[in-house]
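**Q**
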Amino acid sequence: QKEVEQNSGPLSVPEGAIASLNCTYSDRGSQSFFWYRQYSGKSPELIMFIYSNGDKEDGRFTAQLNKASQYVSLLIRDSQPSDSATYLCAPRGAGANNLFFGTGTRLTVIP
Amino acid sequence: DAGVIQSPRHEVTEMGQEVTLRCKPISGHNSLFWYRQTMMRGLELLIYFNNNVPIDDSGMPEDRFSAKMPNASFSTLKIQPSEPRDSAVYFCASSDGQGVYNSPLHFGNGTRLTVT
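Those protein sequence lines, which keep their order, are chains A and B.
Residue numbering for the first sequence follows my numbering, starting at 365 and increasing by one per position.
Residue numbering for the second sequence follows my numbering, starting at 5 and increasing by one per position.
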């Protein structure tokens, strides 16, 4: 299996702060990268994806990709208590349809 | 639109029994995935199908596990015989596979399996 490394946390940030979630991956052939959020006892749900180097913004979320460094991150601006969840990073390899998931980072936003 | 539907939501069984998990993908999606999630190992890909054909089953733990997809709207994951270490949440996911770069996986609600 491809290796996907995430800091397991827990990561605690105060409400309104920026949360920064990081992910490194081993497969240099990975072409696109997905971020999922998983609330306790629930299934993963898609936040956003990125496949070009640089930043991609979607509302309060910004994904950042650096393929040379094999690094992808997710920034959450103006963090809310409802953002408290586990965030999963999932690269997709070239020509592949499946996703390999990291173990996730648990985020807690403190009111 | 109905999402990915899994059944049962919870399954409790005794060691040695056969367990069958079921999944109905989103209509029109041509790829289906089975994942297992545990605290220790996170989300592990077990097997996935494209157009009902198994593409990669390298994640299936051992011969006790088998998966089928007889048609585009139904798949099963079977464990026979079950063991306590199989206890986990099993997720089914589907995607439309078009524009592979940006085709996300849509997950079902999962089946929580407990083997005693």
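Even glycine gets a Cβ: it sits at the ideal position worked out from N, Cα and C.
What do you get for residue 87 of chain B, buried or exposed, if any count of 16 or more other CB atoms within 10 angstroms of its CB means buried?
**A** One-based indexing of the second sequence puts residue 87 of chain B at position 83. Answer is exposed; the Cβ neighbour count stays below 16.
**Q** Measuring only between beta-carbons, confirm whether residue 56 of chain B sits less than 9 Å from chain A.
**A** To locate residue 56 of chain B, count along the second sequence from 1; it is residue 52. Not closer than 9 Å to any Cβ of chain A, the Cβ of residue 56 of chain B fails to qualify, so no.
**Q** Would you kindly work out how many angstroms separate the C-alpha atoms of residue 444 of chain A and residue 44 of chain B, rounded to a whole number?
**A** Taking the first residue of the first sequence as position 1, residue 444 of chain A is located at position 80. Taking the first residue of the second sequence as position 1, residue 44 of chain B is located at position 40. Residue 444 of chain A and residue 44 of chain B: Cα-Cα distance of roughly 28 Å.
**Q** Starting from the beta carbon of residue 390 of chain A, find every residue of chain B whose beta carbon is closer than 7 Å, and list them in chain order.
**A** Within the first sequence, residue 390 of chain A is the residue found at index 26, counting from 1. The premise fails here: residue 390 of chain A is roughly 15 Å from chain B at the closest Cβ pair, so nothing lies under 7 Å.
**Q** Which residues in chain A have a C-beta closer than 8 Å to the C-beta of residue 52 of chain B? List them in chain order.
**A** Position 48 of the second sequence, counted from the start, is the residue given in the question as residue 52 of chain B. Those within 8 Å of residue 52 of chain B in chain A are 461 and 462.
**Q** Where DSSP assigns a beta bridge to residue 430 of chain A, which residues make up the other side?
**A** Indexing the first sequence from 1 puts residue 430 of chain A at position 66. Bridge partners of residue 430 of chain A: A/435.
**Q** Can you have a look at residue 6 of chain B and say buried or exposed, based on whether 16 or more other CB atoms are within 10 angstroms of its CB?
**A** Here residue 6 of chain B is taken as the residue at index 2 of the second sequence, counted from 1. It counts as exposed.
**Q** Give the residues of chain A in contact with residue 60 of chain B, contact being defined as C-beta atoms less than 7 Å apart.
**A** As a first step, residue 60 of chain B must be located in the second sequence, where it is residue number 56. By Cβ distance, chain A contributes 462.
**Q** Given that a residue counts as buried once 16 or more other Cβ atoms are within 10 Å of its Cβ, and exposed if not, what is residue 28 of chain B?
**A** Here residue 28 of chain B is taken as the residue at index 24 of the second sequence, counted from 1. Answer is buried; the Cβ neighbour count reaches 16.
**Q** Taking the beta carbon of residue 90 of chain B as the centre, do at least 16 other beta carbons fall within 10 Å, making it buried, or is it exposed?
**A** As a working mapping, residue 90 of chain B is identified with position 86 in the second sequence. The residue is buried, with at least 16 neighbouring Cβ atoms inside 10 Å.
**Q** Using a Cβ-Cβ cut-off of 6 Å (strictly less than) and excluding sequence neighbours within five positions of residue 426 of chain A, which residues of its own chain qualify?
**A** In the first sequence, the residue the question calls residue 426 of chain A occupies position 62. Answer for residue 426 of chain A: 419 and 439, listed in chain order.
**Q** For residue 423 of chain A and chain B, any beta-carbon pair shorter than 9 Å?
**A** As a working mapping, residue 423 of chain A is identified with position 59 in the first sequence. So, not an interface residue.
**Q** Whose CA, out of A/423, A/394, A/374 and A/367, lies closest to the CA of residue 473 of chain A?
**A** Within the first sequence, the letter at position 109 stands for residue 473 of chain A. Here the closest residue by C-alpha is A/374.
**Q** Give a yes or no on whether 9 Å exceeds the smallest Cβ distance from residue 12 of chain B to chain A.
**A** Along the second sequence, one-based indexing puts residue 12 of chain B at 8. So no, residue 12 of chain B is outside the interface.
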